[in-house]
Amino acid sequence: MTAHLLTSARLLAVAPVAVAFARPDTLHPTTVAGLIVLAIVTDLLDGKVARHQGTATAGGMLFDHSTDCLFVSGGLAGAALAARVPMVLPALIVVAFGQYVFDSYVVHRQKQLRMSTLGRWNGVLYFVPLCGVALVDLANLVSIPLASTFLTSATQLVAHALVVSTVVSIIDRATATARS
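First residue of the sequence shown: 107, per my numbering; consecutive thereafter.
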């Protein structure tokens, strides 16, 4: 129950973060940064809490990973609408997640999600451009133009690298069954 509440808190942050990145005038940058920190902390804690309380289930894992997908793809879609990350990144995340679920439950007929190493790392790293965009907004808020310029470039670089790694992950998962 506690783990689901943590995941639900992240789920409630999806729309505000997506809207704030698409329209930066809707929420104060510190509020957006706080919501991203909330999302990261709840993501780090929900699984640990579920395992500690003995309440970890395949359904809980699906809820957690689905919420992660909604949070990062929603936030990155907002950032993409504001031309802060490539538009294709959030779409690729949704495709990769759909493939992950389909592959796990339909192709491999498992009763829980079947993770891959690259997919796991991508899932973690999708939060980085969100943090980058939030940090750019904070740097602009306190008028640190050099930091803003550096963070903007770094965020773009990471986002483009994630486009490539997500495509590689999609291809790897699609061909894994044929290879085995």
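Backbone N, C-alpha and C define an ideal beta-carbon position, used for all residues, glycine too.
Owing to the predicted nature of the structure, the values given are computational and were not obtained by experimental measurement.
Worksheet item: Going by C-alpha distance, which of V274, F233, N246 and L252 is nearest A183?
Response: F233
### Query
Among V248, F177, I146 and T258, which one has its Cα closest to the Cα of V191?
T258
message: Taking the straight line between their C-alpha atoms, what separation do you get for P122 and K217?
response: 33 Å
- L244 and P130: beta carbons closer than 8 Å? no
Practice problem: Please specify which runs of the alpha helix (DSSP H), each continuous and at least 4 residues long, are wholly inside the stretch 125-196, giving them in chain order. | Solution: 135-159 and 164-187
With A115 as the anchor, note down where its alpha helix (DSSP H) starts and where it stops.
T108 to L118
If distances are taken between C-alpha atoms only, which option among G166, D209, M193 and V200 comes closest to N228? V200
**OP:** Buried or exposed for H214, please, with buried defined as at least 16 other CB atoms from any protein chain shown within 10 angstroms of its CB.
**Re:** exposed
Considering Cα atoms alone, identify which of T108, A109, M193 and G160 is closest to V269. M193
Q.
Can you give me the C-alpha to C-alpha distance between A267 and L176, rounded to a whole angstrom?
A. 20 Å
Three-state secondary structure (DSSP) of H214
coil
query: Are there 16 or more other CB atoms within 10 angstroms of the CB of L252, so buried, or fewer, so exposed?
result: exposed
inquiry  = On the CB-based measure, 16 or more other CB atoms within 10 Å of its CB, does A249 come out buried or exposed?
reply    = First, the residue type needs correcting, since residue 249 is Ser and not Ala in the sequence shown. Exposed, by the Cβ-count rule.
Inter-residue spacing [alpha-carbon to alpha-carbon] between F256 and A126: 21 Å
_For A115, tell me which candidate among P235, A162, H158 and F169 has the shortest Cα-Cα distance._
F169
Reference L151; option with closest CA among H110, L118, G165 and A124:
H110
With distances taken between CB atoms, is the gap from A156 to G165 smaller than 8 Å? no
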